[in-house]
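Numbering (this note's numbering), first residue to last: 7 to 257.
Below is the structure:
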């Protein structure tokens, strides 16, 4: 990586007006630890080592997990972007939030795994017209390909509500037939493989991801539900099979 870092540092210095000094390190683990400590601002890391750092496994089992590194900027060549919605039925003070998550897929080259990027958690509490506008605003802002919305609660009214805000959006209704934990398992496998990336920080979403257990009396994880729908839509084809046989989550 040192030769690559040298060329990259030289290019940034020449074209961005930022002085970059490449240094030789002990590899991916050392780069992660040094960035976490504030010694470096940029480092090259293998995706599997990144996943170990996030989960605190293998080479990070002794030192513990590190979750302070994330994607600063997403790629500009997404194959597809979706806005996923887990709509709330009501907007009263004690009502659930409407989960709204934007995510994109970047296809791997020459048979390599695809990577997935969580671009925004736009979850909110509001009236149907308010969350519908938030959905369509995100759709156009990210130049998304489709809005995917769970319709278990609301049925056809969910699509009608979104189209009342903007009739031009591409819409797909999805209906949950299995429990939340079962639906999330393939997505969790993508995270474990280091294929899903968070662009920035989404603390409320990540809290739900880490803390939800599926107990009957738990509050509905609206942000997590929207995330699962987004990544499921991106990682499966129309028959419900995994694209290329893999799923992913990256940080």
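Glycine included, every Cβ here is placed at the ideal spot set by N, Cα and C.
Nearest-angstrom beta carbon gap, residue 240 and residue 91 [assumed within contact, 8 Å]: Not a contact, Cβ separation roughly 15 Å.
Taking 8 Å as the cut-off, does the stretch 135–146 touch the stretch 77–86 (at least 3 CB pairs, one atom from each stretch)? no
Determine the extent of the alpha helix (DSSP H) in which residue 14 is found, giving its start and end residues. 8–22
Evaluate residue 167 with the Cβ neighbour count: other Cβ atoms within 10 Å of its Cβ, from every protein chain shown; 16 or more gives buried, anything less gives exposed. buried
Under the three-state reduction of DSSP, which class applies to residue 212: helix, strand or coil? helix
Residue 173: which of 193, 152 and 232 sits nearest, CA to CA? 152
Closest residue to residue 98 among 123, 171, 131 and 108 (Cα-Cα distance): 131
Should the stretch 61–70 be regarded as contacting the stretch 220–235, the criterion being three or more beta carbon pairs within less than 8 Å? no
Residues near residue 211 in its chain [Cβ-Cβ closer than 6 Å; skip 5 each side]: 127 and 229
Three or more beta-carbon pairs under 8 Å between the stretch 185–197 and the stretch 153–166, yes or no? no
Which class does residue 139 belong to by DSSP, given the choice of helix, strand or coil? helix
Quick one: give me the first and last residue of the beta strand (DSSP E) that residue 26 is part of. Per DSSP, residue 26 belongs to no beta strand (DSSP E) and is neither H nor E.
Starting from residue 153, follow its DSSP beta bridges and name the residues at the other end. 89 and 177
What's the call for residue 93, buried or exposed, on a 16-neighbour Cβ count within 10 Å? buried
Rounded to a whole number of angstroms, what is the C-alpha to C-alpha distance between residue 48 and residue 118? 24 Å
Using the C-alpha atoms, what's the distance from residue 161 back to residue 181? 9 Å
Short of 6 Å in beta carbon distance, which residues of its chain neighbour residue 227, apart from the five on each side in sequence? Order them along the chain. 214 and 218
Within the same chain, show all residues whose beta-carbon is closer than 7 Å to that of residue 64, passing over the 5 residues directly before and after it, in chain order. 58
Inter-residue spacing [alpha-carbon to alpha-carbon] between residue 245 and residue 238: Annotation note: pLDDT 35 at residue 245 (below 50); position unreliable, coordinate value reported separately. Distance between the alpha carbons of residue 245 and residue 238 is about 12 Å.
Contact belief for residue 105 with residue 142 at Cβ below 8 Å, rounded distance in angstroms: Contact doesn't hold; Cβ gap of about 16 Å is too wide.
Measuring straight from C-alpha to C-alpha, what distance separates residue 28 and residue 53? 21 Å
Go to residue 168, then tell me how far its alpha helix (DSSP H) extends in each direction, as first and last residue. 162–171
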